[in-house]
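Residue numbering for the sequence shown is -1 to 486, as defined by this note's numbering. Glycine included, every Cβ here is placed at the ideal spot set by N, Cα and C.
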Amino acid sequence: MIYLKMDVLFLCLLPFLFYTFFSLFKLILQRRSQACYMLAYECFMPPEDNKLNTVSATKIVLRNTKLRLEELRFLLKTIVSSGIGENTYGPRTILEGREECPSLKDTYEEIDEIMFDTLDNLFKKTAISPSQIDILVVNVSLFSSAPSLAARIINRYKMRENVKAFNLAGMGCSASVVAIEVVQQLFKTYKNSVGIVVSTEDLGAHWYCGTDKKMMLSNCLFRSGGCSLMFTNKPSLKDRAILKLKHMERTQYGADDEAYNCCMQVEDEQGYSGFRLSKSLVKIAAQALTMNLQAMAPKILPVWEIVRFLFVSVRYSGMKKREMIPFFTGLVLGKNKLKKTKVNLLGGELNFKKGIEHFCVHPGGRAVIDGVGKGFRLTEYDLEPARMALHRWGNTSAGGLWYVLGYMEAKKRLKKGDRILMISLGAGFKCNNCVWEVMKDLSDTNVWKDCIESYPPENLSNPFKDKFDWINEDYLSFVRLDLSRIVI
């Protein structure tokens, strides 16, 4: 009788067990089809005649006859402390002296060179043809054309009529991460797909020709560059993948007026258009990154690190809310009242190196890299890729992260199973971070192949200081400086 009852019970539970097994199996298959794998990436290598060394950069500065001694000293100080070296690249419009009168043709030529060069190399490397592309996302912050740049690519490569195309503008240095999330979300709907992200920028038509110091900063930091990336959720291509997207966290801080205005394209009093960076930028970046990491930390750190953090945080439970906010106050360099602020997240100290092997920091400037290093307690080894990318390529906007990743790969740092945290900040204001898992040992020298053996150099000092430090002499304050007589 007992065995009979058990058999009846088993028969009654059989449909439930079958349904449970089928649901789990379906969930596993669904997650696999929604996975986002990176097959390859290609960074742009500008031609040698676009190189912006000390001599060519000085010629560009001295062409602006509106600059006074005060502005020249500011420029010298900014360039010397920027962390940028002798081998970055600029658009032809600037190098040829047409920064005040760029044409639409100049803009298209600058962007086309970046897009088509990287895409040609990407298709060649992956052996995947343009007709196989299902999703295309293009991002460029400073230029919006009609037809869109996405349509321009579709026309050039004769892509299929049902390709899902998107064009993102005005998203700043964090745009490539935004574009990747668009692909990731589409993969949840479209199975067995291949997607491409193209990150480019237009500097030539947006060079600042005025004298406002807050707007002159962009001329010192931004350089030509870009990249193209290929992704898939096809199980059949999984073995060819180099990276897998594990986590994505986007924080939009634009509802705050100060954050919205801290990084903005405007016109100065003389009518010159440019990009204004306010003094509150570093503070806003700290707050946005804090919010982002609070959401991301539980997803990327081991349980025991979260438990340790919560235990330590109990000691800070009596702190005022405003004292518990700064995790990333290391960004705020030079602010004496904040130098003694304890770097923490909600009062405790999270060690992100417990869940991350590599930190891919956007090379937006030396101050940004230093701030990330302090906030995460990183070593110089951890920050080396970002510093070297800034030194070799400058701030290439949304493409900057991939020059940093390229350095890690060229140095053979990326091993199977390693996790990479990409940290990006952009106008709006936004903080977009993501975590990648390395799928195989990587060692491609990519765009670094011609110089990787010489990095890191023994000395990162900028030659501007040795050549033009005389401009800081006190006697010049009492004389009229004739820029036309300066010999370079």
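query: Reduced DSSP secondary structure (H/G/I, E/B, other) of R411; result: coil
query: Cβ neighbour criterion (16 or more within 10 Å) applied to R158; result: exposed
query: DSSP three-state assignment for H555, whether helix, strand or coil; result: An answer regarding residue 555 cannot be provided, because it is not within the stretch -1 to 486 covered by the chain.
query: Same chain, Cβ closer than 8 Å to W400, five either side skipped, listed in chain order; result: Y39, C41, S174, S197, C225, L227
query: Beta-carbon proximity list for I469, same chain, < 7 Å, skipping 5 on both sides; result: L70, R71, L74
query: Beta-carbon spacing of G398, A387 below 8 Å; result: yes
query: Cutoff 7 Å; reference N119; Cβ partners in own chain excluding five residues on either side; result: E40
query: Contact belief for M36 with A239 at Cβ below 8 Å, rounded distance in angstroms; result: 6 Å
query: Cβ contact check for the region 126 to 142 and the region 200 to 220: 3 or more pairs under 8 Å; result: yes
query: Nearest neighbour of I152, chosen from S172, L241, V176, D110 [CA to CA]; result: D110
query: Spatial neighbours of F466 in its chain, beta-carbon cut-off 8 Å, leaving aside the 5 residues before and after; result: T56, L74
query: Beta bridge counterpart(s) of R417 as assigned by DSSP; result: E435
query: Own chain, CB closer than 6 Å to R248, minus 5 neighbours either side, in chain order; result: N430
query: Three-state secondary structure assigned by DSSP to T249; result: strand
query: Closest residue to R385 among N51, V59, V280, I82 (Cα-Cα distance); result: I82
query: Anticipated Cβ contact below 8 Å, A286 with L423, distance rounded; result: 7 Å
query: Residue interval of the alpha helix (DSSP H) (run including Y39); result: Careful: Y39 lies outside any alpha helix (DSSP H), inside the beta strand (DSSP E) at 35 to 41.
query: Sub-8 Å separation of I131 and V180 beta-carbons; result: no
query: Top-ranked residue by Cα proximity to T52, from I77, R61, G369; result: I77
query: Cα-Cα separation, P44 to E347; result: 42 Å
query: Residues bridged to A167 [DSSP beta-bridge criterion]; result: V138
query: With 16 other Cβ atoms within 10 Å as the buried cut-off, status of V436; result: buried
query: Continuous beta strand (DSSP E) stretch holding M228: start and end; result: 225 to 230
query: Alpha-carbon to alpha-carbon, G363 and W205; result: 18 Å
query: Cβ-based burial, E471 [other Cβ within 10 Å; buried from 16]; result: exposed
query: Length of the line joining the Cα atoms of G272 and T91; result: 16 Å
query: Y258 CB to nearest heavy atom of the ligand SAH below 7 Å; result: The ligand SAH is absent from the structure shown, which contains no ligand whatsoever.
query: D104, buried or exposed, once every other Cβ within 10 Å from all chains shown has been counted against 16; result: buried
query: R96 - DSSP class collapsed to helix/strand/coil; result: coil
query: Three-state secondary structure assigned by DSSP to G272; result: strand
query: Bridge partner(s) assigned by DSSP for C429; result: T249, L423
query: Residue environment, E378, which counts as buried when at least 16 other CB atoms sit within 10 Å; result: exposed
query: Integer-rounded CB distance, given that A396 should sit under 8 Å from S172; result: 7 Å
query: Rounded Cβ spacing between T380 and F357 (contact assumed at less than 8 Å); result: Here residue 380 turns out to be Asp, not Thr, going by the sequence shown. Indeed they touch by this definition, with Cβ atoms about 5 Å apart.
query: Own chain partners of E84 with C-beta closer than 7 Å, once the 5 adjacent residues on each side are dropped; result: N51, T52, P461
query: DSSP three-state assignment for V53, whether helix, strand or coil; result: helix
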